[in-house]
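Colleague: Residues 7 to 134, numbered by the numbering used here, are exactly what the sequence shown covers, in order. Virtual Cβ for every residue (Gly too), placed ideally from N, Cα, C.
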Amino acid sequence: MAKLTSDALDIIRQYAALLETVEEGLDYVAASFSDPRRMHADVLLSDVLLALGKIGETNVYLCQLFADESDLVGHIERFADVLEAAAALDGQFADAAAKKRIICGRLSPAFQAWKIAVESGLRRYVVQ
7 MAKLTSDALD IIRQYAALLE TVEEGLDYVA ASFSDPRRMH ADVLLSDVLL ALGKIGETNV
67 YLCQLFADES DLVGHIERFA DVLEAAAALD GQFADAAAKK RIICGRLSPA FQAWKIAVES
127 GLRRYVVQ
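So this is what it looks like as structure tokens:
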């Protein structure tokens, strides 16, 4: 287990909270396809995509921080799968059917699987 500074622990806790927020956002967007009362899903999706960029930036720092923990680094690096799924949305915002297929069939499942793996490695640092 890496010995971390209080600043590093704060970053990890904020990161874990951001992962929860992104998951909630993706759940909301996915539900909006079948519930027209859920407004502003496209705005929320844009925010989720921005958050994915921030997660990617933070992953660079986390890979350096946990360089001695190859399993955790491997899980973090699999974020590329999430980014690949998100990239499929490029040019698809106007096509609701394509957007639903990508979000519900690729992006949300990829993010959830990745998040579970990363959280299992970070749990000992977040829960203290």
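(1) Evaluate contact between the region 109 to 117 and the region 23 to 39, counting only Cβ atoms and requiring at least three cross-stretch pairs below 8 Å.
(2) Where do the N-terminal and C-terminal ends of the alpha helix (DSSP H) with Gly140 fall, by residue?
(3) Where Tyr34 and Arg112 are concerned, what is the direct C-alpha to C-alpha distance, given to the nearest angstrom?
(4) Could you check what DSSP says for Ser97 in three-state terms: helix, strand or coil?
(5) Of the choices Gly127, Thr11, Ala22 and His46, whose alpha-carbon is the least far from that of Ser76?
(6) Select from Met45, Val88 and Ala37 the residue whose C-alpha is nearest the C-alpha of Asn65.
Modeller: Result, derived from the coordinates:
(1) yes
(2) Beyond the ends of the chain as shown, which are 7 and 134, falls residue 140; an answer cannot be given.
(3) 15 Å
(4) Correcting the residue identity first, residue 97 is Gly in this sequence and not Ser. The answer is coil: DSSP assigns Gly97 none of H, G, I, E or B.
(5) Gly127
(6) Val88
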